[in-house]
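Residue numbers (the UniProt record's numbering): 1 to 284.
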């Protein structure tokens, strides 16, 4: 009966690390667990693998040769996996710019790299034809014909501005926003209604930026008050670059969705959509 591959991997780690303790640290195991596994492996192989030299353990000549062969085999497995993944067609993922940079990128860096297709990210505010993507991140209320939908996060919005723009003034209520220029956003009226306020006579900035990321940059520069997602732009709030003076956050009814073609039977797109859903409630 051949010993388990995991036991052989531990042997190789002990030989290359030069000690059970360092091998245990590399393998995220306890030294006692490593020592027990080596003793079990010696029993299974019917011969000692290490000799004690003072406080050190030294591999036998046969164990050193075996460890070298194991390392070559493990490298061969890793190379085979790399070649296999390189041959897999990439998943085409399209997403709008702000969501891609603020939500998707920090999480996508943690996507499992073993046994999964490489991912090509297309960042665009334009709606792509379903034939042009495998997974799409889009915002709406759902009901896209021919597409399976995975809810990721609701769309949120609340006023944000730079501390320098506020200066010594105070905002005692939403009507105080009449004293500032607002960056154009289609949900200003909805936010005021949700805040139980009748919109005062508001002044809007002349430039209508095409993405929320640019709205945020303009707000940080003190150009005006932006209506932004506190979830997506939490880092700017935590750093004090922007402040959100009101507790009310407009939430929904639109959501951010991961979409894939309903007739796509491949497991990879569905696996990615499901993984994104699992990450939806985790911090970036």
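All residues carry an ideal CB built from backbone N, CA and C; glycine is no exception.
Item to check | Pairwise C-alpha distance: residue 269 and residue 117 | outcome: 9 Å
Checklist entry - Where do the ends of the alpha helix (DSSP H) carrying residue 220 lie? => result 212-220
Item to check | Residues near residue 282 by beta carbon distance below 8 Å, same chain, minus five either side | outcome: Cβ-Cβ distances below 8 Å link residue 282 to 107 in the same chain, with the five nearest sequence neighbours on each side left out; the list follows chain order.
Next on the checklist: Using the Cβ count rule (16 or more neighbours within 10 Å means buried), how would you classify residue 35?
Outcome noted: When all chains shown are included, residue 35 counts as buried.
Item to check | Contact with chain B by residue 272, beta-carbon distance below 8 Å | outcome: No chain B appears in the structure shown, which is made up of a single protein chain.
Checklist entry - If residue 99 and residue 159 are in contact, beta carbons under 8 Å, what's the gap, nearest whole angstrom? => result Not a contact, Cβ separation roughly 20 Å.
Item to check | Buried versus exposed call for residue 37 [16 or more other C-beta atoms within 10 Å across all chains shown] | outcome: With 16 or more Cβ atoms within 10 Å of its Cβ, residue 37 is classed as buried.
Item to check | Range of the contiguous beta strand (DSSP E) that encloses residue 135 | outcome: 135-140
Next on the checklist: Runs of 4 residues minimum, wholly inside the stretch 81-118: which ones carry the alpha helix (DSSP H) assignment?
Outcome noted: 105-108
Item to check | Residue span of the beta strand (DSSP E) that contains residue 254, given as start and end | outcome: 250-261
Checklist entry - What are the residues that DSSP puts in a beta bridge with residue 154? => result 255
Next on the checklist: Just list the residues that DSSP pairs residue 160 with in beta bridges.
Outcome noted: For residue 160, the beta-bridge partners assigned by DSSP are 226.
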